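Q: Counting in full-length UniProt numbering, the sequence shown runs from 1 upward without gaps.
Don't be surprised by glycine CBs; every beta carbon is placed ideally from N, CA and C.
This structure is a prediction, so every number in the text was calculated from the model and none was measured.
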Amino acid sequence: MKNLAVIDIGSNSISLQISEIKGKSYDIIEDYKETIRIGEDVFKTGIISESTIQSIMTVLEKMKVLIGKKTDKKEKPYIRAVATAPFRDASNSKDVVNMAKDKFDIDIEVIDGNEEARIVDLYASANFQMSKLNALTVDIGGGTLELIISKEGEITDLHSIPLGMLRLKNDFLKNNPPKNNEIEKLMKHIEKTLKDAGIYKKINKDIDTLIFTGGTITNIASIYNKREHLRDENVNFVDKKFIEFFLNELKDKTFEERNNIKGIDTQRTDIIQPAALIAEMLLDKTNCDGFFTIKGGLKNGLTIDTLNNHGIRMHFQENADVRLSRILEIGSKFFFEEEHARRTEKIAKILFIKLKDILKLNEEDYKLLEAASLLHDVGSYISYYDHHKHSYYLIKNSDFIGYSSNEIKIIANIARYHRKSFPKKSQKCYAELSSKNQELVQKLSAILRIADALDNSHKSAVKDIDVKIDDDSIKIMLKSNSKDADLSLEIQSAMDKKNFLEFIAKKEVTVK
Numbered sequence: 001m002k003n004l005a006v007i008d009i010g011s012n013s014i015s016l017q018i019s020e021i022k023g024k025s026y027d028i029i030e031d032y033k034e035t036i037r038i039g040e041d042v043f044k045t046g047i048i049s050e051s052t053i054q055s056i057m058t059v060l061e062k063m064k065v066l067i068g069k070k071t072d073k074k075e076k077p078y079i080r081a082v083a084t085a086p087f088r089d090a091s092n093s094k095d096v097v098n099m100a101k102d103k104f105d106i107d108i109e110v111i112d113g114n115e116e117a118r119i120v121d122l123y124a125s126a127n128f129q130m131s132k133l134n135a136l137t138v139d140i141g142g143g144t145l146e147l148i149i150s151k152e153g154e155i156t157d158l159h160s161i162p163l164g165m166l167r168l169k170n171d172f173l174k175n176n177p178p179k180n181n182e183i184e185k186l187m188k189h190i191e192k193t194l195k196d197a198g199i200y201k202k203i204n205k206d207i208d209t210l211i212f213t214g215g216t217i218t219n220i221a222s223i224y225n226k227r228e229h230l231r232d233e234n235v236n237f238v239d240k241k242f243i244e245f246f247l248n249e250l251k252d253k254t255f256e257e258r259n260n261i262k263g264i265d266t267q268r269t270d271i272i273q274p275a276a277l278i279a280e281m282l283l284d285k286t287n288c289d290g291f292f293t294i295k296g297g298l299k300n301g302l303t304i305d306t307l308n309n310h311g312i313r314m315h316f317q318e319n320a321d322v323r324l325s326r327i328l329e330i331g332s333k334f335f336f337e338e339e340h341a342r343r344t345e346k347i348a349k350i351l352f353i354k355l356k357d358i359l360k361l362n363e364e365d366y367k368l369l370e371a372a373s374l375l376h377d378v379g380s381y382i383s384y385y386d387h388h389k390h391s392y393y394l395i396k397n398s399d400f401i402g403y404s405s406n407e408i409k410i411i412a413n414i415a416r417y418h419r420k421s422f423p424k425k426s427q428k429c430y431a432e433l434s435s436k437n438q439e440l441v442q443k444l445s446a447i448l449r450i451a452d453a454l455d456n457s458h459k460s461a462v463k464d465i466d467v468k469i470d471d472d473s474i475k476i477m478l479k480s481n482s483k484d485a486d487l488s489l490e491i492q493s494a495m496d497k498k499n500f501l502e503f504i505a506k507k508e509v510t511v512k
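1. Give the secondary structure of residue 212 by DSSP, where H, G and I count as helix, E and B as strand, and everything else as coil.
2. Whose C-beta lies closer than 7 Å to the C-beta of residue 185 among residues of the same chain, with five residues either side of it excluded?
3. Cα-Cα, which of 424, 498, 91 and 291 is closest to residue 46?
4. Three-state secondary structure (DSSP) at residue 158?
5. Please list, in chain order, all residues of the same chain as residue 469 whose beta carbon is under 8 Å from its beta carbon, the five residues on each side excluded.
6. Using 8 Å as the cut-off, can you tell me whether the segment 238-251 makes contact with the segment 275-283, which would need three or more C-beta pairs spanning the two stretches below that distance?
7. Thinking residue 222 and residue 263 are a contact (beta carbons under 8 Å), I'd like their distance in whole angstroms, please.
8. Return helix, strand or coil for residue 85, following the three-state DSSP convention.
9. Using the C-alpha atoms, what's the distance from residue 58 back to residue 288?
10. Does DSSP classify residue 72 as helix, strand or coil?
11. Under a Cβ-count criterion, where at least 16 other Cβ atoms within 10 Å of its own Cβ denotes burial, should residue 121 be classed as buried or exposed?
12. Tell me, please, which residues DSSP counts as bridged to residue 17.
13. Which first and last residues belong to the beta strand (DSSP E) in which residue 292 is found?
14. I need the straight-line Cα distance from residue 94 to residue 109, nearest angstrom please.
15. Is residue 57 helix, strand or coil by DSSP?
16. For the candidate residues 284, 154, 1 and 41, whose alpha-carbon lies nearest to that of residue 22?
17. Am I right that residue 450 and residue 369 are in contact with their C-beta atoms under 8 Å? What's the rounded C-beta distance?
18. What did DSSP end up calling residue 167 once you bin it into helix, strand or coil?
19. State yes or no: is the C-beta of residue 143 within less than 7 Å of the C-beta of residue 167?
20. Determine the burial state of residue 140: buried for a count of at least 16 other Cβ atoms within 10 Å of its Cβ, exposed for fewer.
21. Report yes if the CB atom of residue 293 is closer than 7 Å to the CB atom of residue 212, and no otherwise.
22. Is it the case that the segment 31-39 contacts the segment 6-18, given that we only count it when at least three CB pairs across the two stretches are under 8 Å?
23. Would a C-beta distance cut-off of 7 Å place residue 106 and residue 81 closer than the cut-off?
24. If you draw a straight line from the alpha carbon of residue 52 to that of residue 38, how long is it in whole angstroms?
25. Any contact of the segment 412-427 with the segment 386-403, i.e. 3+ C-beta pairs under 8 Å?
26. In whole angstroms, what is the alpha-carbon distance linking residue 320 and residue 367?
27. With distance defined between alpha-carbon atoms, name the residue in 235, 230, 224 and 97 nearest to residue 249.
28. With 16 other CB atoms within 10 Å as the buried threshold, where does residue 130 fall?
29. Thinking C-beta only, is residue 493 closer than 7 Å to residue 487?
30. Buried or exposed for residue 83, please, with buried defined as at least 16 other CB atoms from any protein chain shown within 10 angstroms of its CB.
31. Excluding the 5 residues flanking residue 111 on each side, which residues of the same chain have their C-beta closer than 6 Å to its C-beta?
32. Where residue 318 and residue 176 are concerned, what is the direct C-alpha to C-alpha distance, given to the nearest angstrom?
33. Below 8 Å on the Cβ atoms is my guess for residue 489 versus residue 365; work out the distance and round it to an integer in Å.
34. Start and end of the beta strand (DSSP E) containing residue 468?
35. Of the residues 503, 138, 103 and 512, which one's Cα is nearest the Cα of residue 203?
Below is the structure:
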C-alpha cells in the first residue's frame, strides 16, 4: 500500500486525510474538511434529511476526485471511511451507506462509541508517554463524548456518552445569546449525565493528565495560543485559568459577536461554549492545572489503525519511549538510513558520556544530541549536496514530541553543523540562538562530527570505541567488528573532522 485515504464522517463535518506510507511512518499529503452539520437533522428528527444526504454525496464526490488527483496513478489507494454518532442514531443511515457505495464505491463503516474511543486513544498514544501517565482522554464530538481512562498505558474504562456539542446546543441553548438559566440547565445536565455514567467515581485526583481532541476544543487551544503568543502545534497545552476567563468572555455575547474573538472558528461560535464548560468541569474533578489538545484525533487514529490492519506497526508501538518513536518516524518520513543513524547515535552517546565533564555538559543535553544524531542526514531526502543545510530545515519544521520549540531549533542547528563549516554568528539559523545555546550547539555538533565520521562507510565497521583523556589530549581507540576489518576510512574521516572538537576542548584529538 503506497497511499491511504481516511474519511471521518462526523456530526459537524466530513474530513479527509490522504497519506503517503513511508515504512513505519506516513506523510500527510492532504487534509481537507467541509462543515456539514449532519447531526443538526438527526438529533432533532432521528433521520438524515434529503438535502443533507445530497450535501454528503457532493462532498464525497469531491473527496473521491481529490484522492485521485493526490495519489499515485499506478496503484489504487486504499480508502477507509467511518461514520460516527449521527449515523448511529439515524434510522435511514443504511440508505446513505448504500448510496455512497453505489455512487463512489466508498464503503462507510458505522463505528460504535467504544470503537471510536479506542481509535482516538491510539493516536493519543502516538503523542504521549502513556505508560507514565494516569490519563483521561476525551474526544469532544458533535454528537457524543468519548472518554478513555488509562492507568500507566493500560485502558481501564471506555465510555461513549451523548454529550456532543451540537446535541447540547440544540437541546439547551435555544436563544442567541444563550440565557443564564439555559447555561445552568446545561451544566446540570452535563453533571448528571457524567455522574450517572459513573465517570466521576473513576476520574478522581489520581488523574494527572487530561487530553482532549475534537475540532471545537482544539479551536479553544488555538485561541489560547494566539493570546499567549505561542506557536500552534499539533499538541498544545491550555492553562486551567484561561478556561474560566474564556467562559466569562463568551457570556452574554451573541454568536455573531463571538466572531470578533481572535482565532475563533466562525463555524463553531454556537457550540464552543459547551466544549469549554465540559473542559472546566472535568478539570475540576482531576488534579490537573490545565489540559492538552491533539489535532485530528479520530482521523489520525484511523490512519494508524488501518496501517496496523495491513501489518504495519508504527515506531511508537514498538518503542516504550514515545519521544524516540517520533524521532524515528520523522526519519522514516524522509527515508533516512536507519542503521547508520542508530550507529551514529550509539557512538555519539559513548563520546558524550566520556566528554561531558570536560565540556561541561549536563545529562539533559544528551536528548538533543540523540535527536540530532538520528536525524543528521535527513536532508539527503532533498539532495545530498548541502544535505546538512536541508537537514536543518526539515528538522526545524518537523513535529516532535517531548521537545520545546527552542530545543527543536538547537537540534536542527546541531545537525546543520555536523559537517562542513563551523557555526558562525553571521548565519541566521545560528544567530537566532542565545549565546548559551550557541555554545551548546558547538559542543554537541563537534561530538556529532566525530560520531558520523566513525561510521563513514555506513557498514558498521566500528564495533565499539574507548576514549582516554589526559591534560593535553583526547585519544579515541576503535574496536572493529572483525579481525580483518579495514577501519582506515573511518580513521581518516575522523581525523579530517577532529579540528572542531580540538577547538572546543582545547586538546589534541587522535583516532586509531
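A: Let's see:
1. Working through the sequence shown from its first residue, we reach residue 212 at position 212. Here residue 212 sits in strand by DSSP.
2. Working through the sequence shown from its first residue, we reach residue 185 at position 185. Same-chain partners within the cutoff: 172.
3. Along the sequence shown, one-based indexing puts residue 46 at 46. From the listed residues 424, 498, 91 and 291, the smallest Cα separation to residue 46 is found for 91.
4. As a first step, residue 158 must be located in the sequence shown, where it is residue number 158. Note: residue 158 maps to strand in three-state DSSP.
5. Locating residue 469 in the sequence shown gives position 469, counting from the first residue. For residue 469, where only same-chain residues beyond five positions count, the Cβ hits under 8 Å are 354, 355, 358, 475 and 507.
6. yes
7. Mapped onto the sequence shown, residue 222 falls at position 222. Mapped onto the sequence shown, residue 263 falls at position 263. About 5 Å separates the two Cβ atoms, so the contact holds.
8. On the sequence shown, residue 85 is found 85 positions in, with the first residue counted as 1. The answer is helix: DSSP assigns residue 85 an H, G or I state.
9. The count along the sequence shown starts at 1 and reaches residue 288 at position 288. The count along the sequence shown starts at 1 and reaches residue 58 at position 58. Between the C-alpha atoms of residue 288 and residue 58 there is a straight-line separation of about 43 Å.
10. Working through the sequence shown from its first residue, we reach residue 72 at position 72. Three-state DSSP puts residue 72 in coil, outside helix and strand.
11. On the sequence shown, residue 121 is found 121 positions in, with the first residue counted as 1. Label assigned to residue 121: buried.
12. On the sequence shown, residue 17 is found 17 positions in, with the first residue counted as 1. The partner list for residue 17 (beta bridge, DSSP) reads 6 and 31.
13. Taking the first residue of the sequence shown as position 1, residue 292 is located at position 292. Element bounds for residue 292: 290-294.
14. Walking along the sequence shown from the start, residue 94 turns up at place 94. Walking along the sequence shown from the start, residue 109 turns up at place 109. The alpha-carbon atoms of residue 94 and residue 109 are separated by roughly 10 Å.
15. Walking along the sequence shown from the start, residue 57 turns up at place 57. It is helical.
16. Against the sequence shown, residue 22 aligns to sequence position 22. The shortest C-alpha separation from residue 22 is found at 1.
17. Start at 1 with the first residue of the sequence shown, and residue 450 comes out as number 450. Start at 1 with the first residue of the sequence shown, and residue 369 comes out as number 369. No, residue 450 and residue 369 are not in contact; Cβ-Cβ is about 12 Å, not under 8 Å.
18. Along the sequence shown, one-based indexing puts residue 167 at 167. Helix.
19. Here residue 143 refers to the residue found at position 143 of the sequence shown. Here residue 167 refers to the residue found at position 167 of the sequence shown. In this structure, residue 167 lies closer than 7 Å to residue 143 by Cβ.
20. The residue you call residue 140 lines up with position 140 of the sequence shown. Its Cβ being crowded by 16 or more others within 10 Å, residue 140 is buried.
21. Stepping through the sequence shown from its first residue, residue 293 is reached at position 293. Stepping through the sequence shown from its first residue, residue 212 is reached at position 212. Yes, the pair counts as a contact, with Cβ atoms nearer than the cut-off.
22. yes
23. Position 106 of the sequence shown, counting from 1, holds the residue named residue 106. Position 81 of the sequence shown, counting from 1, holds the residue named residue 81. Cβ distance < 7 Å, so residue 106 and residue 81 count as in contact.
24. Counting from one through the sequence shown, the residue named residue 52 turns up at place 52. Counting from one through the sequence shown, the residue named residue 38 turns up at place 38. Answer to the nearest angstrom: the Cα atoms are 7 Å apart.
25. yes
26. One-based indexing of the sequence shown puts residue 320 at position 320. One-based indexing of the sequence shown puts residue 367 at position 367. Cα to Cα, the separation comes out at about 15 Å.
27. In the sequence shown, residue 249 corresponds to position 249, counting from 1. Cα-wise, what sits closest to residue 249 is 224.
28. In the sequence shown, residue 130 corresponds to position 130, counting from 1. Residue 130 comes out buried.
29. Translated into the one-based positions of the sequence shown, residue 487 becomes position 487. Translated into the one-based positions of the sequence shown, residue 493 becomes position 493. Contact flag unset, no.
30. Taking the first residue of the sequence shown as position 1, residue 83 is located at position 83. By the 10 Å Cβ count, residue 83 comes out buried.
31. Translated into positions along the sequence shown, residue 111 becomes position 111. If we look at residue 111 and ignore the five residues flanking it on each side, its Cβ neighbours are 82.
32. Taking the first residue of the sequence shown as position 1, residue 318 is located at position 318. Taking the first residue of the sequence shown as position 1, residue 176 is located at position 176. Looking at the two C-alpha atoms, the distance is approximately 50 Å.
33. As a position in the sequence shown, residue 489 is number 489, starting the count at 1. As a position in the sequence shown, residue 365 is number 365, starting the count at 1. In this structure, residue 489 and residue 365 do not form a Cβ contact; the two beta carbons are roughly 29 Å apart against a cut-off of 8 Å.
34. As a working note, residue 468 is residue 468 in the sequence shown. Residue 468 -> beta strand (DSSP E) spans 462-469.
35. Within the sequence shown, numbered from 1, the residue matching residue 203 stands at position 203. Residue 203 has its Cα closest to that of 138, out of 503, 138, 103 and 512.
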